[in-house]
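Student:
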Amino acid sequence: MKLELTVVQRAARDEFRDFVSAEILPHADRWDREAAISRKVIDALRARDYLGSNVVGKYGGVGRDMITYGLLTEEIARGCSSVRSLLTVHDMVAHAIQRWGSPEQRQNYLPALARGKVLAALALSEPNAGSDAAGVETTAADSNEGWVLNGHKKWTTFGQIAGLFLVLAQFEGQPTAFLVERESPGLTVRPLTGVWGTRASQLAELTFEGCCIPHGNLIGRIGFGLSHVIAAALEHGRYSVAWGAVGIGQACLDACRRYTAERRQFGVPLSDHQLIRRLLADMIVNVRAARLLCLRAGWLRDQRDPVAFMETMAAKYFASTMAVRAANDAVQIHGANGMSDEYPVGRYLRDAKVTEIIEGSTQIQQIALPMFDFEEF
Amino acid sequence: MDETQVKIKEFLSRFLKSHDLQLDEDIFALGFVSSLLAMQLVAFVEKEFGIQVEDADLDLDNFRSIRAISDLVARKSAPATA
Chain A
0 MKLELTVVQR AARDEFRDFV SAEILPHADR WDREAAISRK VIDALRARDY
50 LGSNVVGKYG GVGRDMITYG LLTEEIARGC SSVRSLLTVH DMVAHAIQRW
100 GSPEQRQNYL PALARGKVLA ALALSEPNAG SDAAGVETTA ADSNEGWVLN
150 GHKKWTTFGQ IAGLFLVLAQ FEGQPTAFLV ERESPGLTVR PLTGVWGTRA
200 SQLAELTFEG CCIPHGNLIG RIGFGLSHVI AAALEHGRYS VAWGAVGIGQ
250 ACLDACRRYT AERRQFGVPL SDHQLIRRLL ADMIVNVRAA RLLCLRAGWL
300 RDQRDPVAFM ETMAAKYFAS TMAVRAANDA VQIHGANGMS DEYPVGRYLR
350 DAKVTEIIEG STQIQQIALP MFDFEEF
Chain B
0 MDETQVKIKE FLSRFLKSHD LQLDEDIFAL GFVSSLLAMQ LVAFVEKEFG
50 IQVEDADLDL DNFRSIRAIS DLVARKSAPA TA
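Protein chains in written order, with numbering that gives the first Met the number 0: chain A, 0 to 376; chain B, 0 to 81.
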């Protein structure tokens, strides 16, 4: 087995790295304080085909392979996890439409998503339904005019600016997925404030009050909304979040390398202290291990191998818990400075914690992973 | 069982280690089909048999048993008629 990047993938990673260093890193702390990313950075993502980049050429996308997509996600997260979360949710919806959308839905939505002309968001969680996604209380009813949705969605990432929502609702007790455009009558979007992780990810609450959408906006079949449509979106999101956690880990490492070289205590740089080196060694090895798990999951996803599901879950589990440990250690290494917004490591810790909660919490992965049959490779 | 059915059985048996799955046995009635297995099953038949499962194929009856899945594979593999 040879697991290394191709020349093209390495060049792409360098391009992503330069973009993030120039266009994201200098602004990430400000976006975090302002609880919003800039329109300018979204335009830059669009211009570079970084949004909806897994959409295939047939629908106007650049069709990035999963490894290159992972490298993009890692680099974006190295700069700002809120920007990463825009890629994640937008691409989750694009992926679900590409996988389970009807020919008309693919034709209608994918070109706009591939160009980033329309931003997409996943409307799954509710006040009473988090990990228990099958327990959503939003309902859909069939009428002559179309599907009529009633209910309340919460924690919808980038819901504040999304133009298209992938919504899970119950139709006669069967989880069913729908595509809801922002301008649909009966849909109200309210900003959700006061979060302390991925603070600039512009969360929203959605209220559906007799929200009427065309019959053609049912995606997948009735009763397959969770098991296939949302599951496809979540699986893609899990992959994206795993890489995002690697990006946070790398950002922690970069910050600690700088700080421990510059900061002197007891007459020598921090990096000369053995207990600091131990923390750095753990960070280095764990970031690399998480990246390898992500690369393997990406390779399997490109092969369309069914084993990819559990490998993606393993990668997400390891990478997200690793990111929290790395960020926690990064704050420790920075001492009092780590508790200050003059340094980014506090943001990394807050953002890392989010990766343990979204797209299947750590506990959901711990419950699910032992159910799989991990084969030797 | 034919070759297709044997491959399907081998795949499903990975999740049913102590159960000898029969050709027409209802896998949903056995209660081990999670949403993750459902997605893996789709990925398996697509990769193994070179077919594309579309939204129109999302019907529990297409995935209910080894025979049902092999019938789906046969239908999707058949050359299109004019």
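Where is the CB? At the ideal position from N, CA and C, for every residue including glycine.
Taking only beta-carbon atoms, is R295 of chain A less than 7 Å away from chain B?
Tutor: Locating residue 295 of chain A in the first sequence gives position 296, counting from the first residue. No, no contact with chain B.
Student: What does A28 of chain B reach in chain A if we use C-beta pairs closer than 7 Å?
Tutor: Within the second sequence, the letter at position 29 stands for residue 28 of chain B. The contacting residues do not exist; A28 of chain B stays about 16 Å from chain A at best.
Student: How do the region 26-40 of chain B and the region 56-70 of chain B stand: do at least 3 beta-carbon pairs fall below 8 Å, yes or no?
Tutor: yes
Student: Using 8 Å as the cut-off, can you tell me whether the region 274-291 of chain A makes contact with the region 350-367 of chain A, which would need three or more C-beta pairs spanning the two stretches below that distance?
Tutor: no
Student: Determine, for W154 of chain A, whether the minimum Cβ-Cβ distance to residues of chain B falls below 7 Å.
Tutor: By one-based count along the first sequence, residue 154 of chain A stands at place 155. Chain B, which has no Cβ nearer than 7 Å to the Cβ of W154 of chain A, makes this no.
Student: Report buried or exposed for E171 of chain A, applying the criterion of at least 16 other Cβ atoms within 10 angstroms of its Cβ.
Tutor: Translated into the one-based positions of the first sequence, residue 171 of chain A becomes position 172. The residue is exposed, with fewer than 16 neighbouring Cβ atoms inside 10 Å.
Student: For A111 of chain A versus T138 of chain A, is the C-beta spacing smaller than 7 Å?
Tutor: As a first step, residue 111 of chain A is located in the first sequence; it is residue number 112 there, counting from the start. As a first step, residue 138 of chain A is located in the first sequence; it is residue number 139 there, counting from the start. Contact: no.
Student: Say whether chain A places a C-beta atom closer than 7 Å to the C-beta of M38 of chain B.
Tutor: Here residue 38 of chain B refers to the residue found at position 39 of the second sequence. Answer yes: the Cβ-Cβ gap between M38 of chain B and chain A drops below 7 Å somewhere.
Student: Note down, one range per segment and in chain order, each alpha helix (DSSP H) of at least 4 residues found wholly within the region 25-65 of chain B.
Tutor: 34-48
Student: Nearest to G150 of chain A by CA position, among A:F157, A:S142, A:D141 and A:P126, is which residue?
Tutor: On the first sequence, residue 150 of chain A is found 151 positions in, with the first residue counted as 1. Taking only the C-alpha atoms, the option nearest G150 of chain A is A:P126.
Student: Could you name the residues of chain A that K46 of chain B contacts, counting a contact when the two beta carbons are closer than 8 Å?
Tutor: Taking the second sequence and counting its residues from 1, the one referred to as residue 46 of chain B is at position 47. Going along chain A in sequence order, the residues near K46 of chain B (Cβ under 8 Å) are Q302, R303, D304 and P305.
Student: Looking at G78 of chain A: is its Cβ nearer than 7 Å to the Cβ of L163 of chain A?
Tutor: Locating residue 78 of chain A in the first sequence gives position 79, where the first residue counts as 1. Locating residue 163 of chain A in the first sequence gives position 164, where the first residue counts as 1. No, they are not a contact pair.
Student: Return the chain-ordered list of same chain residues with a C-beta closer than 8 Å to the C-beta of L36 of chain B, the five sequence neighbours on each side being excluded.
Tutor: Position 37 of the second sequence holds residue 36 of chain B. These residues qualify, in order along the chain: F14.
Student: Name, in chain order, the residues that DSSP records as bridge partners for N149 of chain A.
Tutor: Position 150 of the first sequence, counting from 1, holds the residue named residue 149 of chain A. Paired residues: A:T138.
Student: Which residues mark the beginning and the end of the beta strand (DSSP E) in which A203 of chain A is found?
Tutor: Here residue 203 of chain A refers to the residue found at position 204 of the first sequence. Taken as a continuous stretch (DSSP letters only), the beta strand (DSSP E) holding A203 of chain A covers A203 to I212.
Student: Could you list which residues in chain B have their beta carbon closer than 7 Å to that of A367 of chain A, in chain order?
Tutor: On the first sequence, residue 367 of chain A is found 368 positions in, with the first residue counted as 1. Chain B residues near A367 of chain A: L35.
Student: Under 8 Å Cβ to Cβ from L44 of chain A, same chain only, skipping five residues before and after it: list those, please.
Tutor: Taking the first sequence and counting its residues from 1, the one referred to as residue 44 of chain A is at position 45. L50, V82, L85, L86 and G115, listed in sequence order.
Student: Please classify E279 of chain A as buried or exposed, where buried requires at least 16 other C-beta atoms within 10 Å of its C-beta.
Tutor: Walking along the first sequence from the start, residue 279 of chain A turns up at place 280. Glu is not the amino acid found at residue 279 of chain A; the sequence shown has Leu there. Buried, since its Cβ has 16 or more Cβ neighbours within 10 Å.
Student: Any idea what DSSP makes of I218 of chain A, helix, strand or coil?
Tutor: Taking the first residue of the first sequence as position 1, residue 218 of chain A is located at position 219. DSSP places I218 of chain A in strand when its eight states are reduced to three.
Student: I want to verify the contact list: residues of chain B whose CB lies under 9 Å from the CB of S101 of chain A, in sequence order.
Tutor: Translated into the one-based positions of the first sequence, residue 101 of chain A becomes position 102. Near S101 of chain A (Cβ distances below 9 Å), the residues of chain B are E53, D54 and A55.
Student: Bridge partners of T155 of chain A, per DSSP?
Tutor: Translated into the one-based positions of the first sequence, residue 155 of chain A becomes position 156. Note: T155 of chain A sits in a beta bridge opposite A:A203.
Student: Under 8 Å by Cβ, that's how I've got Q104 of chain A and L178 of chain A pegged, so tell me the actual separation to the nearest angstrom.
Tutor: If you number the first sequence from 1, residue 104 of chain A lands on position 105. If you number the first sequence from 1, residue 178 of chain A lands on position 179. Rounded, the Cβ-Cβ distance is 7 Å, consistent with contact.
Student: Taking 7 Å as the CB-CB limit, is F376 of chain A close to chain B?
Tutor: Reading the first sequence from its first residue, position 377 is the one you call residue 376 of chain A. With a pLDDT of only 45 at F376 of chain A, under 50, the local geometry of the prediction cannot be trusted, and the value read off the model is given with reservation. Answer no: the Cβ-Cβ gap between F376 of chain A and chain B never drops below 7 Å.
Student: Nearest to K152 of chain A by alpha carbon, out of A:M312, A:A140 and A:L191?
Tutor: Working through the first sequence from its first residue, we reach residue 152 of chain A at position 153. The option with the nearest alpha carbon to K152 of chain A is A:L191.
Student: Output yes if chain B places a C-beta closer than 7 Å to the C-beta of F223 of chain A; else output no.
Tutor: As a working mapping, residue 223 of chain A is identified with position 224 in the first sequence. Closer than 7 Å to some Cβ of chain B, the Cβ of F223 of chain A qualifies, so yes.
Student: Please list, in chain order, the chain A residues whose beta carbon lies closer than 7 Å to that of F43 of chain B.
Tutor: In the second sequence, residue 43 of chain B corresponds to position 44, counting from 1. Per Cβ cutoff of 7 Å: P305.
Student: Whose C-beta lies closer than 6 Å to the C-beta of H31 of chain A among residues of the same chain, with five residues either side of it excluded?
Tutor: In the first sequence, the residue the question calls residue 31 of chain A occupies position 32. According to the sequence as given, residue 31 of chain A is Asp; it is not His. The answer, listed in chain order, is R198, A199 and R346.
Student: Name the residue from A:G219, A:H333, A:A232 and A:R349 whose alpha carbon lies nearest to the alpha carbon of D58 of chain B.
Tutor: On the second sequence, position 59 is the one that residue 58 of chain B refers to. Distance from the Cα of D58 of chain B is smallest, within the candidate group A:G219, A:H333, A:A232 and A:R349, for A:G219.
Student: Using a Cβ cut-off of 7 Å (strictly closer), state whether R237 of chain A contacts chain B.
Tutor: Here residue 237 of chain A refers to the residue found at position 238 when the first sequence is read from its first residue. No, R237 of chain A does not count as interfacial toward chain B.
Student: For a contact meaning CB atoms closer than 8 Å, what does D58 of chain B contact in chain A?
Tutor: As a first step, residue 58 of chain B must be located in the second sequence, where it is residue number 59. The contacting residues are R220.
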